[in-house]
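Colleague: Just add 36 to wherever you are in the sequence shown, counting from 1, and you've got the numbering used here.
Got a structure for you, written out below as structure tokens; questions coming shortly.
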Amino acid sequence: MERIFGLLGRRLGHSWSPAIHAALGCPDYRLFPLEPEALPAFLARPDIGGLNVTIPYKQAVMPWCDEIDPAAQAIGSVNTLVRGRDGKLRAWNTDAAGLSWMAQRAGLDFAGKKVVILGSGGASLTAQAVARSRGARAIAVISRSGENNYQTLSRHADAELLINATPVGMYPENGAAPVDLRAFPALGGVLDLIYNPQRTALLLQAEALGLPRSDGLPMLVAQAKAAEELFFGAPISDERCEAVLRKLRQQQTNLVLIGMPGCGKTTVGRALARLTGREAVDIDEAIAARAGCSIPELFARQGEAAFRALEREEIAAAGARSGLIIITGGGAVKDRRNLASLRQNGRIYHLERPLQLLATKGRPLSQNGDLAQLWAERAPLYAAFRDARMDNTGPAKDTARAIWRDFLCAY
């Protein structure tokens, strides 16, 4: 009998689990989206090989399990099921192993720390168990109601480690943050269990504050590795985990191009699209299509403010997606809000070209202004946005290759 492997949940449209498990050695791993009434019959299937379980079934499947690992029983939720050769359905919680590896990889230790956990659902139960097992001196669970809630955060200002176990800030609600990290002056690190986007608003603030941090993708990969070991009874090295994580980062991270008007962003972006096979999103082209006129016409009719508002919306939409090449306009850096939109899933490349070589035709601010003055105003903004800078005085294909080499080395 052929056995089935996959992810069991209710809504699984954006799951990365099949790609992760395929990379770990299970190419037949599938998604099994089910409504609650279908759960009993599905769990009775004799051909179950191994299943991961996600929202909202991590607790709901437990009554149908013949045996539950004591650690998972103590946590109160399971996420990995295996039907043995004897027909029994056994359950474990590999999320705990995933969270432990995620924290270790970020250089964060629980021992002797006060840990604040945002959220009280199934993910929070795992976080609490890990914090206890790793020697946290105190654990505060913040929920929307009860003694510890978001209105009484000040009593936990001494928190040293914060874990976000809520969906606040997760795609498609990008940009939201459950708390302001400045409320915790003793904070030494942040773990966000969300993995899409790569950098939530919470993690972007942690980055700005210089705090050690991690998104949830390392946890997702490590729990999948632990599940695969249970599925097939064979160990998988942490090095394999790192390789899968690196591959996912390379596949999902956007390449973002910024720079002065006329520095060649569009040409290089198209060269990158040809080189990588990725979709290129040109923000100016998207604005023109939406406005139904050219950029110079839009400036003439409605002014720069109207253009910048459309630009901000298009950048937010593109930045929320993954695996793109995003070509921005020269003035995108003028709005600080665009940085969060571009950084959340992207690595930002600043293309540089001498002012005398910049094209000005069809560019309202360049054509009618002082380029040297424009550069003086924008140079510090480009520096604040960029992850790397690239000279673009040679052929576009050479610049594209240099960006791609840097990108592959960065992840």
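In this text, a Cβ means the ideal position worked out from N, Cα and C, and glycines have one as well.
Between which two residues does the alpha helix (DSSP H) carrying A163 extend?
Modeller: As a first step, residue 163 is located in the sequence shown; it is residue number 127 there, counting from the start. Note, A163: alpha helix (DSSP H), G158 to S169.
Colleague: When burial is assigned at 16 or more other CB atoms within 10 Å of the CB, is W137 buried or exposed?
Modeller: Within the sequence shown, numbered from 1, the residue matching residue 137 stands at position 101. It counts as buried.
Colleague: So, is C445 buried or exposed, given that buried needs 16 or more other C-beta atoms within 10 angstroms?
Modeller: In the sequence shown, counting from the first residue as 1, residue 445 sits at position 409. By the neighbour-count rule (16 or more Cβ atoms within 10 Å), C445 is not buried but exposed.
Colleague: First and last residue of the beta strand (DSSP E) that includes M426?
Modeller: Residue mapping note: residue 426 aligns to position 390 of the sequence shown, counting from 1. Element bounds for M426: A424 to D427.
Colleague: If you draw a straight line from the C-alpha of A110 to the C-alpha of V166, how long is it?
Modeller: Counting from one through the sequence shown, the residue named residue 110 turns up at place 74. Counting from one through the sequence shown, the residue named residue 166 turns up at place 130. Looking at the two C-alpha atoms, the distance is approximately 11 angstroms.
Colleague: Decide if the segment 275-291 is in contact with the segment 320-336; the criterion is three or more beta carbon pairs, one per stretch, under 8 angstroms apart.
Modeller: Too few Cβ pairs lie closer than 8 angstroms, so no.
Colleague: On the DSSP letters alone, give me the boundaries of the beta strand (DSSP E) that L117 sits inside.
Modeller: Here residue 117 is taken as the residue at index 81 of the sequence shown, counted from 1. Residues T116 to R119.
Colleague: So what does DSSP say about I91, is it helix, strand or coil?
Modeller: Here residue 91 refers to the residue found at position 55 of the sequence shown. Three-state DSSP puts I91 in coil, outside helix and strand.
Colleague: Checking the sheet assignment: what are the DSSP bridge partners for P221?
Modeller: The residue given as residue 221 occupies position 185 in the sequence shown. DSSP output for P221 lists no bridge partner at all.
Colleague: Taking the C-alpha atoms as reference points, what is the distance between R393 and C299?
Modeller: As a working note, residue 393 is residue 357 in the sequence shown. As a working note, residue 299 is residue 263 in the sequence shown. In the sequence on display, residue 393 carries Leu and not Arg. The straight-line gap from Cα to Cα measures roughly 8 angstroms.
Colleague: Rank A258, R422 and G225 by C-alpha distance to the C-alpha of Q241 and give the top, closest one.
Modeller: Looking up residue 241 in the sequence shown gives position 205. Checking every option, the nearest Cα to that of Q241 belongs to G225.
Colleague: Mind checking S190: buried by the 16 CB within 10 Å criterion, or exposed?
Modeller: Counting from one through the sequence shown, the residue named residue 190 turns up at place 154. S190 should be labelled exposed.
Colleague: Measuring straight from C-alpha to C-alpha, what distance separates L44 and L117?
Modeller: Taking the first residue of the sequence shown as position 1, residue 44 is located at position 8. Taking the first residue of the sequence shown as position 1, residue 117 is located at position 81. Approximately 10 angstroms, taken between the alpha carbons.
Colleague: Given a cut-off of 8 angstroms on the beta-carbon distance, is the pair L284 and I363 in contact?
Modeller: On the sequence shown, position 248 is the one that residue 284 refers to. On the sequence shown, position 327 is the one that residue 363 refers to. Contact flag unset, no.
Colleague: Give me the Cα-Cα distance between G246 and L238, rounded to the nearest whole angstrom.
Modeller: Translated into the one-based positions of the sequence shown, residue 246 becomes position 210. Translated into the one-based positions of the sequence shown, residue 238 becomes position 202. Whole-angstrom Cα-Cα distance: 12 angstroms.
Colleague: Pick from A80, E73 and I361: whose alpha carbon is nearest that of L311?
Modeller: For this step, residue 311 is matched to residue 275 along the sequence shown. Looking at the Cα atoms, I361 is the closest of the given residues.
Colleague: Which partner residues does S179 have in the DSSP bridge list?
Modeller: In the sequence shown, the residue the question calls residue 179 occupies position 143. N185.
Colleague: With a cut-off of 8 angstroms, do at least 3 Cβ pairs link the segment 340-357 to the segment 384-393?
Modeller: The segment 340-357, when compared against the segment 384-393, does not touch it at the 8 angstroms Cβ threshold.
Colleague: Within the continuous alpha helix (DSSP H) that includes W137, where are the two ends?
Modeller: On the sequence shown, position 101 is the one that residue 137 refers to. Residues D131 to R141.
Colleague: For the segment 243-262 against the segment 217-224, do three or more pairs of beta-carbon atoms, one drawn from each stretch, fall closer than 8 angstroms, so that the two count as touching?
Modeller: Touching, yes, given that three or more Cβ pairs across the two stretches are closer than 8 angstroms.
Colleague: Would you check if the distance between the CB atom of L387 and the CB atom of K301 is smaller than 8 angstroms?
Modeller: In the sequence shown, residue 387 corresponds to position 351, counting from 1. In the sequence shown, residue 301 corresponds to position 265, counting from 1. Yes, Cβ-Cβ distance for L387 and K301 is below 8 angstroms.
Colleague: With a 10 Å radius around its C-beta and 16 neighbouring C-beta atoms as the bar for buried, classify W128 as buried or exposed.
Modeller: As a first step, residue 128 must be located in the sequence shown, where it is residue number 92. Answer is buried; the Cβ neighbour count reaches 16.
Colleague: Beta-carbon separation of I40 and D83 under 8 angstroms?
Modeller: Here residue 40 refers to the residue found at position 4 when the sequence shown is read from its first residue. Here residue 83 refers to the residue found at position 47 when the sequence shown is read from its first residue. Yes, the Cβ-Cβ distance between I40 and D83 is below 8 angstroms.
Colleague: Give me whichever residues DSSP pairs with L387 in a beta bridge.
Modeller: The residue you call residue 387 lines up with position 351 of the sequence shown. Paired residue(s): G295 and M426.
Colleague: State the Cα-Cα distance for the pair A133 and G86, rounded to the nearest angstrom.
Modeller: Counted from its first residue, the sequence shown places residue 133 at position 97. Counted from its first residue, the sequence shown places residue 86 at position 50. Taking the straight line from one Cα to the other gives about 17 angstroms.
Colleague: Here's a check: name, in chain order, each residue in its chain whose Cβ is nearer than 6 angstroms to the Cβ of G158, leaving out the five neighbours to either side.
Modeller: Along the sequence shown, one-based indexing puts residue 158 at 122. Once the five neighbours on either side are set aside, the close Cβ partners of G158 are K94 and S113.
Colleague: Between the segment 417-430 and the segment 334-345, can you find at least three pairs of beta-carbon atoms closer than 8 angstroms?
Modeller: Counting Cβ pairs under 8 angstroms, fewer than three are found: no touch.
Colleague: At what residue ranges does the segment 264-348 contain a whole run of the beta strand (DSSP E), taking only runs of 3 or more?
Modeller: Counting whole runs of 3 or more residues, the segment 264-348 contains the beta strand (DSSP E) stretches 290-295 and 316-318.
Colleague: Straight-line CA distance for R170 to F146?
Modeller: On the sequence shown, position 134 is the one that residue 170 refers to. On the sequence shown, position 110 is the one that residue 146 refers to. Those two C-alpha atoms are separated by around 6 angstroms.
Colleague: Is the Cβ-Cβ distance between G155 and S179 less than 8 angstroms?
Modeller: Against the sequence shown, residue 155 aligns to sequence position 119. Against the sequence shown, residue 179 aligns to sequence position 143. Their beta carbons are under 8 angstroms apart, which means G155 touches S179 by this criterion.
Colleague: Pair every Cβ in the segment 432-443 with every Cβ in the segment 264-272, then say whether three or more of these pairs are closer than 8 angstroms.
Modeller: No contact exists between the segment 432-443 and the segment 264-272.
Colleague: Taking the C-alpha atoms as reference points, what is the distance between G12 and A77?
Modeller: Outside the shown range of the chain, which is 37 to 447, sits residue 12, and nothing can be said about it.
Colleague: Could you name the residues that DSSP lists as bridge partners for I199?
Modeller: Here residue 199 refers to the residue found at position 163 when the sequence shown is read from its first residue. BP columns for I199 point to I153 and L227.
Colleague: Among the candidates P297, M296, G295 and D318, whose CA atom is the shortest distance from the CA of R306?
Modeller: Your numbering for residue 306 matches position 270 in the sequence shown. Among P297, M296, G295 and D318, the Cα nearest to that of R306 is on D318.
Colleague: Round the Cβ separation of Q286 and Y447 to the nearest angstrom and send it over; I've been treating them as touching at under 8 angstroms.
Modeller: To locate residue 286, count along the sequence shown from 1; it is residue 250. To locate residue 447, count along the sequence shown from 1; it is residue 411. Confirmed, about 5 angstroms.
Colleague: Return the bridge partner residues of A127 from the DSSP annotation.
Modeller: Counting from one through the sequence shown, the residue named residue 127 turns up at place 91. Partner(s): I104 and L117.
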